[in-house]
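Quick notes on the structure that follows.
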Amino acid sequence: MKAVSRLQELFSLPDQARPLLSQALIHASWTYENQAMIARYRQRDYQVLAFLGSHVLVYEYFLATAQHLAVDPPEEFPFGHVPNDIFDSAFRRAGLAPGLLLGAGQSSMGIPVEMGSDAFQAVLGAVSVAEGFPDTLATQWPAEWRSLWQLIVPTAPLPIDPTSRLERAASAMKLQLRHEYRESGPDHQRRYAATVIFESVALDLSTRMDGAAALGKTPAKHQISRLVLNVLDRLADQSPARSFDSANERDRSLARFLLAQQAFVLAMSPVPPQRWISQRLFGLHLASDSAALLMWAVGVDELLSLDVALQPGSHLREAFRSAVDTTADADRALDTALAQAMDAIEQFQDPEAVDPAFLQHLVQLCDVYRCLGIDDPDISLSELVDDWRVLHRGRLKTATQWPGVRISARERATADAALSAVTAAGHETSAEVVGVSPLHLRFRSTQPLSRSSAEGVCALWSKVSRTTSIMPTDHGIDVIVSTTQTPVDPGPVTQAVVDALRPSPEPYRAAVADLLHDLKNQLVASRLASSHPAESRTAQLQQQLTASRHLDEAHSLALRVRAATSILRPAGTESVELGGFLRQYAAAVLTRLPGNISLSVPEASHPVHVALEARALNAVLDNLVGNAIEALRKGGAITLAWTADEYEAVVEIADNGPGLPADVAAALASGERVRSTKPGGNGLGLLGVRTLLARVGGQLSATPAPSGTAWLITLPIATSTTSEST
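Residue numbers (the numbering used here): 47 to 772.
Written as structure tokens, this is what we have:
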């Protein structure tokens with residue numbers, strides 16, 4: 047028993063540990079052939095110690111990983127584990143293979159990976175028992191086995207195994223998953239074939255897939271998991287129908303089952319979009335590329351062959367819209383351009399400093415914000431070209447025939463802006479169709495354009511429509527519209543994607559556009575007043591006064607624009623613990639609350655993190671609580687309450703004041719612009735709150751109350767990739 051003595055020496059164990067170390071090196075095939083000796087010495091094979099050792103190693107792995115993550119946290123922790131081939135490698139590198147007792151039949155066939163892994167885990171289980179179950183084996187680990195420790199207890203997280211990946215996907219899809227095994231072969235060379243069984247409570251259906259035989263249950267389970275994951279990976283392709291053209295009926299049947307389950311789950315209730323995006327389920331991972339998402343949806347409708355329309359109340363389009371919003375880049379280009387324009391206006395001290403190029407830029411900003419705030423009807427391309435011919439008469443060359451496709455209002459606005467930018471220089475311009483599917487429009491001038499001007503227009507309009515891309519060329523601007531790739535009669539999934547890619551109007555943006563329009567008019571009036579020749583000194587002073595008044599009004603409007611849009615700075619990826627934040631917020635509000643108004647907030651029953659940074663949540667609450675304080679001029683009570691489930695949290699802000707004006711409630715319910723009831727107000731507060739919440743997947747809604755006003759703020763629960771803000 048040289049191996050036992052060597053282990054005893056390495057770990058400095060007493061003689062009482064030798065039976066345990068011996069047991070760790072006895073395989074079941076040897077116990078079967080030596081039953082009398084096993085009974086005489088009251089021994090057994092290594093299976094119990096291997097089970098114990100596996101738990102010891104899982105603990106050691108997660109302990110080392112946690113210590114590493116505390117120093118260098120990743121964006122996402124995969125929760126993997128060390129595979130059997132690593133333990134088998136450690137077993138052989140430790141020189142333990144010659145000491146493993148095997149039956150004659152097994153000895154002739156060698157030691158497979160599963161067996162070497164089990165034996166090594168059994169050895170560590172025996173050492174842990176002999177050491178009295180220490181907090182960690184790291185402190186007792188032999189110096190000459192240091193390389194083995196680094197092998198079996200890596201500090202960096204390992205990739206997750208196929209079965210764990212499948213279990214996560216099944217959990218997201220709300221599928222119940224279990225395995226059955228078929229055994230074959232003699233005891234010393236037992237082989238297992240795994241069958242994975244999916245049960246859908248929602249569909250009241252189940253399906254199964256059989257795998258090939260392998261040496262051990264774990265390899266068999268991983269083998270069948272890889273087959274299912276391969277089906278899921280093909281379903282995640284941009285062209286899922288093409289991916290299954292040559293597939294066997296088993297794979298096609300499983301694919302249809304998984305697609306039907308995913309569609310049902312998404313249609314019945316809201317889901318956390320990031321979880322489905324991470325798992326690459328039902329196309330949500332393609333949401334950042336509208337053309338790819340549309341292509342995927344068309345393929346899925348072809349694969350499912352469902353001739354049904356979306357039912358009222360279906361959450362399918364909302365799931366795609368949430369995914370699109372989650373993956374979309376924040377409109378930093380537009381927000382940055384607006385902030386820079388306001389900075390420039392505040393620097394103007396002389397009306398003559400306002401040049402025509404800046405005014406044109408302000409007009410572009412106004413057009414973009416108005417486009418985002420309204421919802422005009424679709425238009426056919428031929429009708430749009432007729433409008434262009436009238437507007438740019440004598441300067442625009444177009445073909446006689448144009449494709450009979452329809453485009454949305456935002457797609458039209460982007461094309462309008464591109465054409466206007468190309469014709470602005472006054473040179474002859476041509477408009478042509480380069481391609482139909484997708485629709486590719488090219489606007490080209492006979493003379494080169496200012497590259498910086500063209501890039502500025504493209505930057506402003508690039509985020510207006512998710513289905514449109516706009517890019518400068520040497521002599522013009524190209525516009526590509528991806529929705530023209532959809533079938534004339536789309537299936538239910540394609541229709542849901544098309545609806546999701548059509549963004550809802552943001553009345554808040556239209557209100558900002560109104561301010562920008564007024565601001566531009568004040569700048570123009572200031573410039574005109576200062577530029578007209580004066581007939582007398584008195585007239586000149588009067589013109590200077592008029593110009594100065596217009597410029598002062600422009601400065602005032604710029605401040606209002608900046609204040610109104612400050613709440614909508616790009617959202618980060620931080621989160622807050624809701625209960626604690628509300629208590630801290632209430633304590634801060636109490637310091638400035640009038641004495642005749644009370645404020646109550648409940649204690650947190652459990653910690654809940656919501657996907658909104660502290661600054662943004664503070665702005666939301668300030669707006670709503672501020673409105674409540676203004677409504678309670680004669681005194682009253684304000685209540686903050688909240689609740690949460692697995693997916694979202696709801697905060698209620700209620701007061702017992704005079705109640706929400708009927709016109710404000712109606713405007714919010716219909717999604718129209720809110721007209722402020724405050725003197726000098728512009729209604730941007732509630733619109734800003736609603737828009738901010740929508741950016742993170744939340745909602746603002748008024749709810750009936752016995753008296754006063756009650757607001758419900760719905761917030762998504764934070765994922766594990768968000769960081770906490772204070």
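Glycine included, C-beta positions come from ideal geometry on N, C-alpha and C.
Outcome for residue i when other beta-carbon atoms lying within 10 angstroms are tallied against a minimum of 16
i, result
"P402", "exposed"
"W342", "buried"
"G450", "exposed"
"Y554", "buried"
"V94", "exposed"
"F133", "buried"
"G727", "Low confidence applies to G727: its pLDDT is 45, below 50, so where it sits in the model is not reliable enough to give any reading."
"H268", "buried"
"Q112", "In the sequence as presented, Gln is not what sits at residue 112; that position holds Ala. The residue in question, A112, is exposed, as its Cβ has fewer than 16 Cβ neighbours within 10 Å."
"A633", "exposed"
"H652", "exposed"
"P286", "buried"
"G754", "buried"
"V534", "exposed"
Span separating the alpha-carbon of residue i from that of residue j
i, j, result
"S454", "A546", "13 Å"
"P494", "A387", "26 Å"
"K263", "N294", "26 Å"
"I72", "Q54", "16 Å"
"C504", "E457", "13 Å"
"M129", "R490", "The question names Met, but residue 129 in the sequence shown is Pro. P129 and R490: Cα-Cα distance of roughly 60 Å."
"G625", "V656", "10 Å"
"A711", "P750", "10 Å"
"F310", "L442", "50 Å"
"T469", "I759", "46 Å"
"A376", "V654", "Any reading at A376 must be qualified, since the residue scores a pLDDT of 48, below 50, and its modelled position is unreliable; no value is offered."
"R741", "L300", "36 Å"
"I270", "I684", "58 Å"
"E160", "V102", "18 Å"
"E245", "A259", "23 Å"
"P579", "K680", "57 Å"
"A365", "W322", "10 Å"
"A172", "Q62", "11 Å"
"A49", "G162", "15 Å"
"P205", "H127", "8 Å"
"Q81", "E226", "31 Å"
"W448", "A461", "15 Å"
DSSP three-state assignment for residue i, whether helix, strand or coil
i, result
"L223", "strand"
"A333", "coil"
"M47", "coil"
"G734", "helix"
"T540", "helix"
"D207", "coil"
"K263", "helix"
"E245", "strand"
"V480", "strand"
"V78", "Before going further, note that residue 78 is Tyr rather than Val in the sequence given. Y78 falls in the helix class under three-state DSSP."
"I157", "coil"
"Q745", "strand"
"W434", "helix"
"T182", "coil"
"P762", "strand"
"T529", "helix"
"H521", "coil"
Whole-angstrom C-beta distance between residue j and residue i, which should lie under 8 Å
i, j, result
"A239", "A266", "6 Å"
"A467", "I523", "6 Å"
"A674", "L738", "Not quite, the Cβ-Cβ distance comes to about 18 Å (not below 8 Å), so this is no contact."
"V666", "L340", "Not confirmed; about 34 Å, so no contact."
"A136", "L194", "5 Å"
"T241", "G257", "7 Å"
"W434", "T444", "7 Å"
"L384", "L411", "6 Å"
Checklist entry - With contact counted as at least three CB pairs below 8 Å, one residue from each stretch, are the region 66-78 and the region 146-161 in contact? => result yes
Checklist entry - Per the contact definition of three or more C-beta pairs closer than 8 Å, is the region 502-516 in contact with the region 410-424? => result Under the three-pair Cβ rule at 8 Å, the region 410-424 counts as touching the region 502-516.
Checklist entry - Does the region 529-541 come within contact of the region 389-405, defined as at least 3 CB pairs closer than 8 Å? => result no
Item to check | Stretch-stretch touch, CB-based, cutoff 8 Å, three pairs: the region 600-610 with the region 633-645 | outcome: no
Item to check | Segment contact, 8 Å Cβ cut-off, at least three pairs: the region 201-219 with the region 310-328 | outcome: yes
Next on the checklist: If contact is defined by three or more beta carbon pairs under 8 Å, each pair taking one atom from either stretch, is the region 560-577 in contact with the region 587-600?
Outcome noted: yes
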